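Here is the structure we will look at.
Protein chains: 2
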Amino acid sequence: MRNPFRRDGRIIQSLLDTDFYKFTMGQFIFRYYRGVNVTFRLINRSGVPLARMINEKELRAELDHVRTLRFTNSELHYLRGTNEYGERMFSEDYLEFLKNMELPEYKLERVGDTYELEFNSPWETVTYWEIYALAIIKQLYREAQLRQMSLLEQDAVYATGITRLLNKIKILRQYPGLTFSDFGTRRRFSFAWQDYVVETTARELPKQFRGTSNVYLAMKHGLLPMGTNAHEVPMVAAALAFTANDEIIARGGAGLFDTDVLVGAQNEVLDRWYELYGEGLSIALTDTFGSDFFFRTAPEYMARYWKGTRQDSGDPIKYGLKALDWYKEYGVDTREKLIVFSDQLNVELMVRLYHIFINRINTTYGWGTDLTDDLGFSDPFSIVVKVAEVNGRSAVKLSDNLAKAMSDPAEIERYKAAAGYTSTLAVECKS
Amino acid sequence: MRNPFRRDGRIIQSLLDTDFYKFTMGQFIFRYYRGVNVTFRLINRSGVPLARMINEKELRAELDHVRTLRFTNSELHYLRGTNEYGERMFSEDYLEFLKNMELPEYKLERVGDTYELEFNSPWETVTYWEIYALAIIKQLYREAQLRQMSLLEQDAVYATGITRLLNKIKILRQYPGLTFSDFGTRRRFSFAWQDYVVETTARELPKQFRGTSNVYLAMKHGLLPMGTNAHEVPMVAAALAFTANDEIIARGGAGLFDTDVLVGAQNEVLDRWYELYGEGLSIALTDTFGSDFFFRTAPEYMARYWKGTRQDSGDPIKYGLKALDWYKEYGVDTREKLIVFSDQLNVELMVRLYHIFINRINTTYGWGTDLTDDLGFSDPFSIVVKVAEVNGRSAVKLSDNLAKAMSDPAEIERYKAAAGYTSTLAVECKS
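Here it is, written out as C-alpha cells:
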C-alpha cells in the first residue's frame with residue numbers, strides 16, 4: 005500500500021502555505037515599518053534534540069528551497085480577491101512587493117544536540133520566515149521519528165490520527181453553536197496531514213468549522229482564510245519606541261516614562277491597524293505585554309468598536325472574566341463582542357470555555373497543535389521562531405505567563421516595570 | 005486524500021484470487037471424480053439482509069465478470085512451478101484443463117431480504133465458485149456499509165483495522181514459536197485489505213507467518229501458498245457411496261451397513277489423497293462426519309504417516325486432547341505430529357492453544373476472519389457456499405458441532421447413525 009500521506013518533493017511548496025496573518029501583518033509592516041532591521045530566532049523551549057534527529061543537509065535543502073519559491077500569478081490573484089474582511093484589503097503596491105520578494109538568507113548552526121537558526125533582514129521580508137521554518141523543522145522531526153518505526157507502525161500513526169479526529173468531531177457535533185478554526189500550520193505533523201484534517205473537518209462540520217489560518221489550504225478547499233495579527237507587531241513597535249526614547253534622553257531630552265512609551269507603542273499599533281483594516285480585522289491580541297496591562301491602558305474606543313480580543317496565554321477562564329469586566333467598565337454589551345481563544349486548546353477545553361461564556365460573550369476557537377499534530381506522539385515539542393532583536397535592541401514579549409517571558413533579563417524587567425507588574429505578579433504562571 | 009484501499013475495477017481480478025486448496029482438491033476431483041454433478045448453494049447462516057444491502061445488478065456484474073476470467077500463462081506457470089509440497093504436484097493435463105476452464109452459470113434469485121444463489125455443474129468446474137462467490141458477497145456487503153458512512157468514518161474503519169493489526173502483531177511477536185497462516189480469503193473485508201494484511205504480516209513477522217491460502221497473494225508477495233483439502237471431498241464421496249449402496253439394495257443386492265459405507269467413503273478419499281500428493285499435503289480434515297467418528301475409524305497408517313490433522317469446528321482443546329489420545333493408541337510420537345487449528349481463531353485463542361499443546365504436539369494456526377475482517381464491524385456475518393447435492397442426492401456435513409449440521413433432516417439422521425452419534429451426543433454444541 006502506498007501511504008497517502010507520504011511526501012512528494014519539498015515540505016513547503018507554495019509561499020501561501022503559511023498563516024494568513026503573515027499577509028495582514030506583512031502589508032501593515034510594508035505600509036508603516038519598512039526598513040526596520042529585525043532578527044527572528046529559533047527558540048527550542050522544550051530542548052528537543054533537533055540536531056540528533058534532523059540531518060543538517062536535509063534541513064538546509066528545505067530552507068534553501070523556500071528561498072527559490074515565488075508567488076505565482078494565481079496566488080497573487082487569490083490574495084487580491086480576498087474580500088471577506090473588506091474589499092481590496094491588499095493594495096497593489098503590497099502585492100507587487102510580494103511578487104518580487106525573495107526570502108532573505110538564514111544563519112544555521114549546529115550547537116550540541118540542537119540548532120541555532122536566525123533570520124536577519126528588513127522586517128517586511130524576514131517576517132515570512134517564521135511559519136515556513138517552524139513547519140519545516142516540525143515535519144522533519146516527525147519524519148525522523150517515523151523512520152525509526154516499521155511500516156506498520158507508521159501506518160498506525162496515521163490510523164491513530166484518524167480515529168482521534170473522528171472522536172473529536174463526534175464530540176464537537178454535539179455543540180452546534182461552538183465554532184472553531186484551524187490555527188495549526190506551524191505545529192502541524194505534516195503538510196499532507198493538515199491538508200487532510202482541514203478538508204475532513206470542513207466537510208464533517210461545515211457550520212462549525214469557520215476556516216483555516218493556512219492560506220494555501222483555504223484556497224485549495226474554498227475556505228475562509230483566518231487570522232489578524234501576532235505578537236511581533238507590538239514587540240517591534242515597543243522596541244523602536246524605547247530606542248527612540250532612549251536616544252532622546254541620551255541627547256539630553258526629557259523623554260517619556262517607560263509606561264507611557266509602552267502604552268504609546270501599543271496604541272500606535274492598534275490605531276494604525278484599525279486605520280488599515282477597519283472593523284474587518286479588529287481582533288486585538290492582548291497579551292504581548294500582559295493582558296492586565298492591555299485592559300488597563302487600551303483606549304475606550306477599542307472596547308466599543310473593535311470586534312473582540314484574542315487570548316493566547318495564561319488562564320483562559322480568568323482571561324475571559326477580565327475581558328467581561330473591561331467591557332462592562334465602558335457599558336459595552338458583551339454579547340456583541342468576541343473572544344478568540346487560541347492557546348493550547350483541545351476539545352475538552354473548548355467545550356468547557358464555550359459553556360462558561362455562552363450567553364455572556366461570543367467565543368470562537370483557534371485550534372492548533374491538538375488539531376494538526378495529534379497522532380499519538382506524546383513528546384513535548386515546543387519550538388518557536390520569535391522576534392529577538394529590532395535594530396540591534398532586544399525585543400520583549402511578556403505574555404500572560406510571565407514566568408515564560410523571553411529576552412534579555414534586564415530588558416524584561418524594564419518592560420515588566422513599565423507594564424506595571426510587580427515581582428509578586430510575575431510568578432503567576434500556568435500550573 | 006485518496007483512500008489507498010479503494011477498489012479499482014471488479015472484486016475478483018484473477019482466478020488465482022482463491023484458496024490454494026481449491027487447486028489441490030481441483031486436481032483430485034479432476035483425477036478421480038470427473039463428471040459428478042454437484043450443486044453448491046449459498047447458506048446465509050446469520051440471516052444477514054444481503055438483498056437490502058447489495059444491489060442485484062451489481063452482484064450479477066461481479067459474478068458475470070468472474071466467468072469472463074481465464075488463467076493467464078503466468079498464473080499457470082506459477083501453479084506448474086509450485087514445488088513446496090512435492091515436485092510437479094500439478095499435472096499437465098490438469099493445468100491444460102484449467103487453461104480452458106470457464107466457470108459454469110449461476111442461479112441467483114432475490115427472496116425477501118436475502119439472495120438464493122446456486123451453482124450446478126460437473127464438480128470439477130463448479131467447485132471453484134465457492135471462494136469467488138463468498139469474497140464477492142462479503143466485499144459488496146462491507147462496501148454497502150461503508151457507503152452509509154461519512155468519508156472520515158470510512159477512513160476510521162481502516163484506521164481501526166490498522167491499529168488492531170499492529171496490536172495483534174505486537175502480541176504475537178512475544179511468542180516466536182507460534183506460527184500461523186492467513187486463511188481469510190473467503191471472509192475478507194476486501195481484496196485490498198487482505199493484500200495489505202498479508203504483505204504487512206509477512207514483513208513484520210517473517211518467521212512466524214508461514215504463508216497465505218490465497219494463491220494470488222502468495223504469488224504477489226513470494227509467500228508459501230497454504231492449504232490441503234476441505235469438507236466437500238468426503239461429503240461428495242459419501243453421497244456417491246450411499247447412492248451406489250442404495251442402488252445395490254434397490255436392485256436386490258445385499259449392500260453394506262451405512263457405517264461401512266461412510267467409513268469406506270472417508271477412507272477412499274484419504275487413500276487417494278495420499279496416493280496423489282504423498283506426505284506433502286497429508287493433513288487430514290477430520291470433522292466432516294465428526295472427529296469422534298474419524299478418530300475411531302481412520303486406519304492406523306494415517307496416525308503413523310500423515311503429518312497431522314486440521315481442526316475446524318467444536319471445542320479446540322477437547323479436539324487436541326482427542327488427537328493426542330488417537331496418536332498414543334498407536335504408540336506414535338506426537339511431538340512429530342501437527343494440528344492445524346482453523347476455526348474462529350483470534351490472538352488470545354491462538355496463544356492459549358499454543359501454550360496448552362506446546363511440548364505435546366506441534367500446532368499451527370489458519371487464521372481467518374479475525375485476521376482479514378477485523379475493522380470494527382461487530383455484526384454477525386456468517387455465510388457459506390456449501391455442497392448441497394450430489395447427483396441429485398443431499399450431501400451432509402456433521403462437523404464437531406452437531407447442532408449446526410446442515411442438510412435434509414432424514415439424511416442427517418442417517419449419517420449420524422452411521423457415524424455412531426446418539427441423540428445425546430448430538431447436542432454437544434459450542435457454548
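Line by line, the protein sequences give chains A and B.
FYI, the numbering for the first sequence is 5 to 435, going by our numbering.
FYI, the numbering for the second sequence is 5 to 435, going by our numbering.
Where is the CB? At the ideal position from N, CA and C, for every residue including glycine.
Note that the structure is a prediction, hence the values are computed from the model and not measured.
Using a cut-off of 8 Å between C-beta atoms, extract the partners of residue i located in chain B.
| i | result |
| --- | --- |
| GLU157 of chain A | LEU170 |
| ALA302 of chain A | Result: empty, since nearest Cβ-Cβ is about 42 Å, beyond 8 Å. |
| ALA222 of chain A | By Cβ distance, chain B contributes nothing, its closest Cβ being about 18 Å from ALA222 of chain A, past 8 Å. |
Going by DSSP, what residues sit across from residue i in a beta bridge?
| i | result |
| --- | --- |
| ASP186 of chain A | A:THR216 and A:TRP371 |
| THR118 of chain B | B:VAL115 |
| ARG314 of chain B | B:LEU289 and B:VAL344 |
| LEU63 of chain B | None, per the DSSP bridge assignment. |
| SER398 of chain B | B:GLU393 |
| TYR110 of chain A | A:PHE123 |
| LEU46 of chain B | B:VAL389 |
| PRO229 of chain A | A:THR216 |
| MET410 of chain B | B:LYS401 |
| GLU88 of chain B | B:GLY90 |
| ASN366 of chain B | B:LEU342 |
| ASN41 of chain B | B:PRO126 |
So residue i contacts chain A; which residues on that side make the cut at Cβ distance below 8 Å?
| i | result |
| --- | --- |
| ILE175 of chain B | Per Cβ cutoff of 8 Å: no residues; ILE175 of chain B is ~13 Å from chain A at best. |
| ALA234 of chain B | None at all; the shortest Cβ gap to chain A is about 30 Å. |
Would a C-beta distance cut-off of 8 Å place residue i and residue j closer than the cut-off?
| i | j | result |
| --- | --- | --- |
| GLY324 of chain A | PHE361 of chain A | yes |
| THR131 of chain A | ILE15 of chain A | no |
| GLU122 of chain A | THR43 of chain A | yes |
| VAL54 of chain B | ILE141 of chain B | The sequence shown places Leu at residue 54 of chain B, rather than the Val named in the question. Yes, the Cβ-Cβ distance between LEU54 of chain B and ILE141 of chain B is below 8 Å. |
| THR28 of chain A | LEU289 of chain A | no |
| ALA254 of chain A | ARG397 of chain A | no |
| GLU96 of chain A | ARG38 of chain A | no |
| TRP371 of chain A | GLY188 of chain A | yes |
Just the chain A side, please: which residues come within less than 9 Å of residue i by C-beta, in chain order?
| i | result |
| --- | --- |
| ARG207 of chain B | SER154, LEU155 and LEU156 |
Tell me which residue opens and which closes the beta strand (DSSP E) that residue i is part of.
| i | result |
| --- | --- |
| ARG255 of chain B | First-last for ARG255 of chain B: undefined, no H or E at that position. |
Starting from residue i and walking both ways along the alpha helix (DSSP H), at which residues does that stretch end?
| i | result |
| --- | --- |
| LYS390 of chain B | LYS390 of chain B -> not in any alpha helix (DSSP H); beta strand (DSSP E) instead, spanning 387–394. |
| PHE27 of chain B | 25–36 |
| THR167 of chain B | 155–177 |
| LEU150 of chain B | 133–151 |
| LEU328 of chain B | 320–333 |
| GLN270 of chain B | 262–281 |
| VAL201 of chain B | 195–208 |
| ARG84 of chain B | 77–85 |
| SER295 of chain B | 295–301 |
| ASP97 of chain A | 96–104 |
| PHE381 of chain B | It is not in any alpha helix (DSSP H) - PHE381 of chain B carries neither H nor E in the DSSP assignment. |
| ALA55 of chain B | 54–57 |
| ARG356 of chain A | 351–361 |
| ALA307 of chain B | 304–309 |
Round the Cβ separation of residue i and residue j to the nearest angstrom and send it over; I've been treating them as touching at under 8 Å.
| i | j | result |
| --- | --- | --- |
| ILE135 of chain B | THR22 of chain B | 4 Å |
| GLY318 of chain B | ASP291 of chain B | 7 Å |
| ASP186 of chain A | THR367 of chain A | With 8 Å as the limit, ASP186 of chain A and THR367 of chain A do not qualify as a contact, their Cβ atoms being about 17 Å apart. |
| ARG207 of chain B | GLN198 of chain B | At roughly 15 Å, the Cβ-Cβ gap does not stay under 8 Å, so ARG207 of chain B and GLN198 of chain B are not in contact. |
| LEU176 of chain A | GLN212 of chain A | 6 Å |
| SER18 of chain B | LEU73 of chain B | 7 Å |
| PRO8 of chain A | MET5 of chain B | 5 Å |
| TYR220 of chain A | LEU83 of chain A | So it is not a contact: roughly 11 Å between Cβ atoms. |
| VAL388 of chain A | ARG49 of chain A | 7 Å |
| MET230 of chain B | VAL391 of chain B | Contact doesn't hold; Cβ gap of about 22 Å is too wide. |
| TYR334 of chain A | ALA302 of chain A | Their Cβ separation, rounded to whole angstroms, is 10 Å, which puts TYR334 of chain A and ALA302 of chain A out of contact at 8 Å. |
| ARG11 of chain B | SER194 of chain B | 7 Å |
| VAL40 of chain A | VAL394 of chain A | 6 Å |
| GLU283 of chain B | TYR309 of chain B | 7 Å |
Give me the chain B residues within the contact set of residue i, using Cβ-Cβ distance strictly less than 9 Å, ordered along the chain.
| i | result |
| --- | --- |
| MET5 of chain A | PRO8, PHE9, ALA196, ASP199, TYR200, GLU203 and THR204 |
Anything in chain A within Cβ reach of residue i, meaning under 7 Å, just list it in chain order.
| i | result |
| --- | --- |
| ALA160 of chain B | ILE166, THR167 and LEU170 |
| ALA407 of chain B | The premise fails here: ALA407 of chain B is roughly 38 Å from chain A at the closest Cβ pair, so nothing lies under 7 Å. |
Mind listing the chain B neighbours of residue i? Cutoff is C-beta to C-beta under 7 Å, in chain order.
| i | result |
| --- | --- |
| ALA399 of chain A | Ordered by position in chain B, no residue passes the 7 Å Cβ test against ALA399 of chain A, which lies about 40 Å from the chain. |
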